[in-house]
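A.B. asks: Each protein sequence line maps, in turn, to chains A and B.
Quick note on numbering: our numbering labels position 93 of the first sequence as 93, and the sequence is numbered without any gaps.
Quick note on numbering: our numbering labels position 125 of the second sequence as 315, and the sequence is numbered without any gaps.
Ideal Cβ positions, reconstructed from N, Cα and C, are used throughout, including at glycine.
Protein chains: 2
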Amino acid sequence: MFAESGYHGAAIAEIAHRSGVTPPVVYDHFDSKLDLYRRLLERTRGELLEMWAEYLDGSAPASERIPAAIDAWARYVQSHPFAPRMYFVETTGLPEARAMHEEIQGQARLALAAILGGEAAGLATTGGDGEPDPSLEMAAEVMRAGLTGLATWWLGRPEVSREQIVAIALDVVWVGLERVSAGERWSPGA
Amino acid sequence: MFAESGYHGAAIAEIAHRSGVTPPVVYDHFDSKLDLYRRLLERTRGELLEMWAEYLDGSAPASERIPAAIDAWARYVQSHPFAPRMYFVETTGLPEARAMHEEIQGQARLALAAILGGEAAGLATTGGDGEPDPSLEMAAEVMRAGLTGLATWWLGRPEVSREQIVAIALDVVWVGLERVSAGERWSPGA
DNA sequence: AACTAACCTAATTACTATTAGGTTAGCGGA
DNA sequence: TCCGCTAACCTAATAGTAATTAGGTTAGTT
C-alpha cells in the first residue's frame, strides 16, 4: 500500500482493513505508522543485502558475478513488485521517511561506485575508503536511477520477460564500467 | 515547496506565508491546491518544450543538436533547482497528481524513444507513429530515469560544474544510441 | 486464577484544505 | 467630486480526514 499510494496515501484504517483487522491492532504491533514504514524498509534492505552478499564478494570473475547479481535483482523485483516503488523510489513522505530513503539511495550509490571503481582496475578512485571520485559517483547514480526506473517501468509491462530486463540492465552496467575505465578525461583537475 | 516536501508536505498555510500573504489569497488566485500544483507543472512543461523545440527539430546534425539540447537541459536544472524533484520525480501525492506525473514521464520516455529510434538510422522501430519497440522504450526509460537521477543528485552537490554533468549525461545518451544501433560514438574526446 | 495476545468500539486530537464574510485602496466614468 | 467596481488582502470559522489512544472483551495458556 505504501508503494501504491505513498506514505501519506496509505491510511492506517485501510492497512488494517486489508489485513482483516482494525486500526488498534496495528498499534498493538507497531509503535506508529512511521515505525511500520521503517520496518518494511529494513526488511527489504535485509533481503536485498542477504541476496547480494553471495554475488558481490565471491571469487568468480566479474563477468559472471555481475550478471548473476543483476539476475537476482530482477528476480527480487519480479517476486516483490512493490519493492521498486516503495524501497527505491519514494522520497516524498514525512521528513523522517525521506531521510531513510536518502540514506538507502546513498548506500546503493556508494556500493555501485565501489563496484565500478573496483572492477575498473583501480582507475579513477581517489580516497580508497572515503568519498569516491565525484565522476564515479555520478556514473553510479546514473546506473542506480536508471535501474530503478527500469524496474518501475517493468511493473506496468509485466509481459516483458525477465531476460529482456536483465539484458538491458547488463548493458547499462557494462557501458558504465567501460566508461569508468576510459574515463580519466573528465576527472576533476585533469 | 512541493519539491522540498512533496504534495502533502507543502501546506497551503506555509505556501501563503512564504509568499507574504494568508491562505485565502492563494484561493483568490487558484481553485485548489491541486490546481496550483497543476499550473506549476504545466508552466515547467511549457518552458521545457519551448526550450527544446529549437534543438529537437533543427537541421544541424545530431552530433551538434543533442549536446546542445543536453546543455540546455542542464542550464534549466541549474536555474530551476526545484524542477528535477517536482517535475521529474514526485509520484506520491494525490492520485490526480500521480496521474499527471505518469503522463509527463510517459511523454518524456516516448520523446526519448523517438529520438533514439530516429537517430539510430531507423533500426528497431516497429510501428512508426504508435507504440515504440519495447527495447527502445526500455532504453529510453533507462536514459530518462538516469538523467533525472543525475539532476537530482546534482542538487546536493552544487559544486559540481555543469560541464561535468553534461559530459556524463551525454555518455548516457550515447549508451542509448549504442544500445539501439551500435552507431559511431560522438562523445567528447573521441 | 492470573496472565497475555489479539481483537474490538468509540472517542480524542491534530492538522489542514477550504470557505464565509468583510475591509481597504485604487480607478474609470457620470 | 462622488459612485460603483474590482483586486488584493484580512480574521475567523468550517469540515473532513486520519493518526492515535482509552478502555474493554474474549480465548487460550500456565
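What whole-angstrom Cβ distance do GLY93 of chain A and HIS8 of chain A have, given they're in contact under 8 Å?
C.D. replies: Confirmed, about 6 Å.
A.B. asks: I need the DSSP call for THR338 of chain B, collapsed to helix, strand or coil.
C.D. replies: Helix.
A.B. asks: Which same chain residues, not among the five before or five after GLY189 of chain A, have their C-beta less than 7 Å away from its C-beta?
C.D. replies: A caution first: GLY189 of chain A carries a pLDDT of 33, below 50, which makes its placement in the model unreliable, though a value can still be read off. Same-chain partners within the cutoff: there are none.
A.B. asks: At a CB-CB cut-off below 9 Å, which residues of chain A make contact with TYR227 of chain B?
C.D. replies: Going along chain A, no residue has its Cβ under 9 Å from TYR227 of chain B, so there is no contact; the nearest lies around 12 Å.
A.B. asks: Note down the Cα distance separating GLY122 of chain A from LEU170 of chain A, rounded to an integer number of angstroms.
C.D. replies: Reliability of the predicted coordinates at GLY122 of chain A is poor, the pLDDT of 39 falling under 50, and no value is obtained from them.
A.B. asks: Listed in chain order, which residues of the stretch 135-151 of chain A have Cβ atoms closer than 9 Å to some Cβ of chain B?
C.D. replies: For the stretch 135-151 of chain A, which is checked against every Cβ of chain B, the residues closer than 9 Å are SER135, GLU137, MET138, ALA139, GLU141, VAL142, MET143, ARG144, ALA145, GLY146, LEU147, THR148, GLY149 and LEU150.
A.B. asks: Based on Cα-Cα distance, which residue from A:ALA151, A:LEU155, A:THR152 and A:GLY117 lies nearest to GLU137 of chain A?
C.D. replies: With distances taken between Cα atoms, GLU137 of chain A lies closest to A:GLY117.
A.B. asks: Just checking: is the beta-carbon of GLY117 of chain A within a distance shorter than 8 Å of some beta-carbon in chain B?
C.D. replies: No, its Cβ sits nowhere closer than 8 Å to a Cβ of chain B.
A.B. asks: Nearest to ARG75 of chain A by CA position, among A:LEU155, A:ARG144 and A:ALA111, is which residue?
C.D. replies: Here the closest residue by C-alpha is A:LEU155.
A.B. asks: Give every residue of the same chain whose Cβ lies closer than 6 Å to the Cβ of PRO24 of chain A, excluding the five residues on either side of it in the sequence, and list them in chain order.
C.D. replies: Same-chain partners within the cutoff: there are none.
A.B. asks: I want to know whether the stretch 81-90 of chain A touches the stretch 1-21 of chain A - three or more CB-CB distances under 8 Å.
C.D. replies: Touching, per the Cβ criterion.
A.B. asks: Using a cut-off of 9 Å between C-beta atoms, extract the partners of THR234 of chain B located in chain A.
C.D. replies: Within chain A, no residue comes near THR234 of chain B; the closest Cβ sits about 17 Å away, beyond 9 Å.
A.B. asks: Is any beta-carbon of chain B found at less than 8 Å from that of GLY20 of chain A?
C.D. replies: No, its Cβ sits nowhere closer than 8 Å to a Cβ of chain B.
A.B. asks: Answer with yes or no whether the minimum CB distance from HIS198 of chain B to chain A is below 8 Å.
C.D. replies: HIS198 of chain B counts as touching chain A.
A.B. asks: For a quick check, are the C-beta atoms of GLU331 of chain B and ARG299 of chain B less than 8 Å apart?
C.D. replies: Cβ distance < 8 Å, so GLU331 of chain B and ARG299 of chain B count as in contact.
A.B. asks: What do you reckon, are the CB atoms on TYR39 of chain A and TYR55 of chain A nearer than 8 Å?
C.D. replies: According to the sequence displayed, residue 39 of chain A carries Arg and not Tyr. Cβ distance not < 8 Å, so ARG39 of chain A and TYR55 of chain A don't count as in contact.
A.B. asks: Tell me, please, whether the CB atom of ALA310 of chain B is closer than 8 Å to any CB atom in chain A?
C.D. replies: Confidence at ALA310 of chain B is low in this model, with a pLDDT of 49, below 50, so the placement of that residue should be treated as unreliable; the coordinate-derived value is given next. No - not a single Cβ of chain A is within 8 Å of the one on ALA310 of chain B.
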